[in-house]
Amino acid sequence: MSTFVAYIHGSPGMERLLRKCQIRNQLLRECLAECLGVYVLILFGCGSVAQVTTTQEKKGQYLSINLGFALGVTFGVFVSRGVSGEALHLCVLGRHPWKKLPFYIFFQVLGAFLAAATVALQYYDEHACPVRSDCQRYACLLCNI
Numbered sequence: 326m327s328t329f330v331a332y333i334h335g336s337p338g339m340e341r342l343l344r345k346c347q348i349r350n351q352l353l354r355e356c357l358a359e360c361l362g363v364y365v366l367i368l369f370g371c372g373s374v375a376q377v378t379t380t381q382e383k384k385g386q387y388l389s390i391n392l393g394f395a396l397g398v399t400f401g402v403f404v405s406r407g408v409s410g411e412a413l414h415l416c417v418l419g420r421h422p423w424k425k426l427p428f429y430i431f432f433q434v435l436g437a438f439l440a441a442a443t444v445a446l447q448y449y450d451e452h453a454c455p456v457r458s459d460c461q462r463y464a465c466l467l468c469n470i
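Here the sequence shown is numbered in my numbering, starting from 326 and rising by one per residue.
If you want it as structure tokens, here you go:
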């Protein structure tokens, strides 16, 4: 552990602040971890799809889409594994109680929607799609995502 991190964690004011900011509800922690994990997965994957399609394969090909989704899955599992048990896919949910299923579904859809919106806002500009109408250009980008 570095000296700076040890100093920060050793100060009483920082300890109090960390205790106040900690989420104590285990289900909420798991759901937020799922949301963040799916966000990272969709951000990397759909971001690579948007890059390839909006540049008409000038800045990437099919392989970069595959690598984008592979890195998205890897980083998404890495982000959520310590809290939620790596359940980025609902089929992994077999070892969790069924009462968690609706919460996991909601937060996974929320994370996917936020990531798709982030990618759509990132690539929404004048040169994102060959169609000139604003409505058609936005529809073209959303269909690619």
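Backbone N, C-alpha and C fix where the C-beta goes; we use that ideal spot for every residue, glycine too.
For this session: Spatial neighbours of G372 within its chain, please: CB distance less than 7 Å, with the 5 preceding and 5 following residues excluded, ordered by chain position.
Result: Closer than 7 Å at Cβ, skipping near neighbours: G393, V444.
Problem set entry | Closest Cα partner of Q433 within the set S389, K384, I367 | In this structure, I367 is the residue among S389, K384, I367 with its C-alpha nearest to the C-alpha of Q433.
Exercise. For K384, which of helix, strand or coil comes out of DSSP?
Worked result: Correct three-state label for K384: coil.
For this session: Inspect the beta-carbon positions of E355 and V408 and report whether they are closer than 9 Å.
Result: Closer than 9 Å, so yes.
For this session: Measure the C-alpha to C-alpha separation of Y350 and Y364 and round it to an integer number of angstroms.
Result: The sequence as given places Asn at residue 350; Tyr does not occur at that position. Between N350 and Y364, the C-alpha separation is close to 21 Å.
Exercise. Can you tell which of T379, F431, L439 has its C-alpha closest to the C-alpha of Y449?
Worked result: Cα-wise, what sits closest to Y449 is T379.
Problem set entry | Opening and closing residue of the alpha helix (DSSP H) in which R354 lies | 351 to 379 is the extent of the alpha helix (DSSP H) around R354.
For this session: Leaving out five residues on either side along the sequence, give the residues of the same chain with a beta carbon under 8 Å from the beta carbon of I390.
Result: Cβ neighbours of I390 beyond the five flanking positions: G370, S373, V374, V377.
Exercise. What did DSSP end up calling S389 once you bin it into helix, strand or coil?
Worked result: Helix.
Exercise. Is the CB-CB distance between K425 and L353 below 9 Å?
Worked result: No, Cβ-Cβ distance for K425 and L353 is not below 9 Å.
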